[in-house]
Structures are given as structure tokens and as C-alpha cells.
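This report concerns only the one structure given below.
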Amino acid sequence: MEARIESAQVRPHVWRLADIAGNRCYLIVGDERAALVDTMEGVGDLRAEVERITSLPVTVLLTHHHHDHVGGAYSFEKVGISAVDDGFWETEEDAEARIREQLRERFELPEGTFFSTAEGARPRTWHVAEGYELDLGGETVRAVALPGHTRGSMGYVVEGERVLLSGDAVTPCMTLFYDDSTSVDEWVQTLGKMEGLDVDSIMTGHYDHEFVPADLAGWRELALWAKDDRGMRWQNISLPELRGCLHVMSEDGVDPDSPEFRALIERPKPRVRSGRRRRGSAKADGAAEGRA
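Under the working numbering, the very last position in the sequence shown is 312; numbers go up by exactly one each time.
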């Protein structure tokens, strides 16, 4: 299979780009310059696709430090990231090297397939903070801190389009199991912050589906439900050192790849004894793979 980068114009100023691994990033094109929010896994020549869409200068902005969002950054000289998340490059490079081999096997990628981390160099960084604004000419991108998935996670509001590019701030299988993830209660505070933003649409890092602010109530319900749920042990298949406690709120029969699915993985809890697997657990094990 060829590692192509697919792109689609989803708003007058916004393009959604996708790689073969199921990741998404967004290109916002103004009259004078453009902004690229996230860079996906780094499989396929993202920069070439960006330059096919626009010849304007591009500012790269990252939502957080995970390999499936920063992998393509190695094709660019400089990127913006929060100060809190700018310190994990070596960890993500190690993860990316392992994921790279898994992608080669999974998709039967030919020799010579472009991988940004192999072809490029680690970019220089500058720090994005709450309230940062980038004037693109006819459109403005504003940064908003969205701690949860990581403590330094950022979202980017495309003001004219009334769109929030949220990275992994909310996902159908929400992942809060990393060492630098916040608690569930802190994430709920971020949900409240998102509810107060003046946007009509929420675009995420792994789905074509556009969520709306009213959907945030479902994640609030999930957080409350997880407090009383015993949960079950969970381990990432691709990166087995990642473990957590899985809470599946969706009933059996709900596709874990659908936008309606709701589950949460938090850091492991002490367990008194092992229990039987709960509803939807087998499907949820796969739902979080590649969407963390």
C-alpha cells in the first residue's frame, strides 16, 4: 500500500488531512499565511501535501507531544508546542521507531516509504500559551489550554469558522492513563472550559466526524459514570508498557470506532481482586489502539 496523505477542504479556510494510520491534522489557509495544527504519525510526505494545497508560509502548531501528532513535525524546521509538553521528544522518537515497523508490516508498505522521523530532523520549538493568536490574513487562530490527555495539551480555535481543533482533548475512547495525563476531575474542568468557547464544531485528531458543543455533556456523563465503575485492566497492544483502567459506558453493540462510543481509560487503580470482564471490553481494547 502507498502511504498517501489524503486531504479534503471542510471549510472555506480549513483543510483536513489524514494518513494511512487513521490520524488527522488540519491546515488553515488565510490570505497571507497558513497554520498547520498537528502533523500526524509522520508516515507519508505531509509537507509535500501542504505545499500542494498552499504556497503561503506555514506556521506549525502542535496540540500535544504524542508521536501520532508530532511525527510529521520532522519535515518542518520549527514548531509551536506548549512549554509543558516540550520535553518528550526522545520518548516519542522511541515510540515512533516501534510504530514505524508495525505500520510497515500492517500495511505492507514498500521499501522507500517516506517517514518524517527517518528523513528529517527534530524541529526547533517555540512555546505556545493560552491566548496566543496567529493572524493569517482574513482568519485568526487562537490557542486555548485543554489539559487532560496531557497536562500541556492545547486546542486551537479558528475564529472565523467557529471551529475548535481539539487534538485528543475529547475522543470516543478517552485516554487519561499517561504519566502526564490529568485526573478525571481536572479533565472535567477542561470540558467546562470547552463548553464556554464560542464555537459551533469540534474537530479531533482521529475522526472525520465533527462533534458539536452539545456532545460534551456525554463526556461529562462518562466521567461521572467512571467514578462508580470498578473498571478492568487494560494494556496497549502496540506499546505494551502503557497500561490503565478501562471503563466502558457504551452498551454492547455500539461500534467502538463510531463517534457515539464512550469509554475512558485512566491510570491503573489498586485492585482487591480480579473480576469478570464487563460489557464491551473486548471491543474497547481495540478502540484505544492508535487513538491514544
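Even for Gly, the Cβ is constructed at its ideal location relative to N, Cα and C.
Predicted, not measured: the structure shown is a model, and the values here were computed from it.
Inset, instruction - For the beta strand (DSSP E) containing Ala163, list its first residue and its last residue. - result: Annotation for Ala163: the continuous beta strand (DSSP E) segment containing it runs Thr160 to Ala165.
Inset, instruction - Please look up how many angstroms separate the CB atoms of His33 and Val148, rounded, as I've assumed it's under 8 Å. - result: Between His33 and Val148 a beta carbon distance of about 20 Å is seen, past the 8 Å cut, so the two are scored as non-contacting.
Inset, instruction - Leaving out five residues on either side along the sequence, give the residues of the same chain with a beta carbon under 6 Å from the beta carbon of Asp220. - result: Answer for Asp220: Arg182, listed in chain order.
Legend entry - Arg135, DSSP secondary structure in three states: Sequence check: residue 135 is Phe here, not Arg. The three-state reading of DSSP puts Phe135 in strand, counting E and B together.
Inset, instruction - With DSSP as the reference, please indicate the residues paired to Lys213 in a beta bridge. - result: According to DSSP, which records beta bridges pairwise, Lys213 is partnered with nothing at all.
Inset, instruction - With a threshold of 16 other CB atoms inside 10 Å of the CB of His229, please say whether the residue is buried or exposed. - result: His229 is exposed by the Cβ-count criterion.
Inset, instruction - Going by DSSP, name the residue or residues bridged to Asp155. - result: For Asp155, which the question treats as bridged, DSSP gives the partners Thr160.
Inset, instruction - For the beta strand (DSSP E) containing Val178, list its first residue and its last residue. - result: It spans Met174 to Val178 - the beta strand (DSSP E) in which Val178 sits, taken as one unbroken run.
Inset, instruction - Give a yes or no on contact between the stretch 94-114 and the stretch 235-246, applying the rule of three or more CB pairs nearer than 8 Å. - result: Cβ pair count under 8 Å is below three, so no.
Inset, instruction - Locate the alpha helix (DSSP H) running through Ala243, then write down its first and last residues. - result: Residues Leu236 to Lys247.
Legend entry - Touch test, the stretch 50-68 against the stretch 166-173, Cβ-Cβ under 8 Å, three pairs minimum: Segments in contact, no.
Inset, instruction - Starting from His147, trace the beta strand (DSSP E) both ways and give me its first and last residue. - result: From DSSP, the beta strand (DSSP E) with His147 extends over Arg144 to His147.
Legend entry - Residues of its chain near Asp51, where Cβ-Cβ distance is below 6 Å and the 5 sequence neighbours each way are ignored: Excluding residues within five positions, the ones whose Cβ falls inside 6 Å are Gly157 and Gly158.
Legend entry - Continuous alpha helix (DSSP H) stretch holding Thr111: start and end: Per DSSP, Thr111 belongs to the alpha helix (DSSP H) from Trp109 to Phe127.
Inset, instruction - Reducing DSSP to helix, strand and coil, say where Tyr2 ends up. - result: For residue 2 there is no data in the structure shown, the boundaries of the chain being 21 and 312.
Inset, instruction - Tell me whether Leu262 sits in a helix, a strand or coil according to DSSP, three-state version. - result: In the structure shown, Leu262 sits in coil (DSSP, three-state: anything other than H, G, I, E or B).
Inset, instruction - May I ask you to list the residues that DSSP assigns as paired with Thr224? - result: DSSP output for Thr224 lists Gly187 as bridge partner(s).
Legend entry - Boundaries of the alpha helix (DSSP H) in which Glu69 is found, first to last residue: Element bounds for Glu69: Leu66 to Ile73.
Inset, instruction - Can you have a look at Pro276 and say buried or exposed, based on whether 16 or more other CB atoms are within 10 angstroms of its CB? - result: Label assigned to Pro276: buried.
Inset, instruction - Sort Asp272, Ser270 and Arg250 by Cα distance to Glu286 and report the nearest one. - result: Nearest to Glu286 by alpha-carbon distance, out of Asp272, Ser270 and Arg250, is Arg250.
Inset, instruction - State buried or exposed for Arg36, treating a residue as buried only when at least 16 other CB atoms are found within 10 Å of its CB. - result: Arg36 should be labelled buried.
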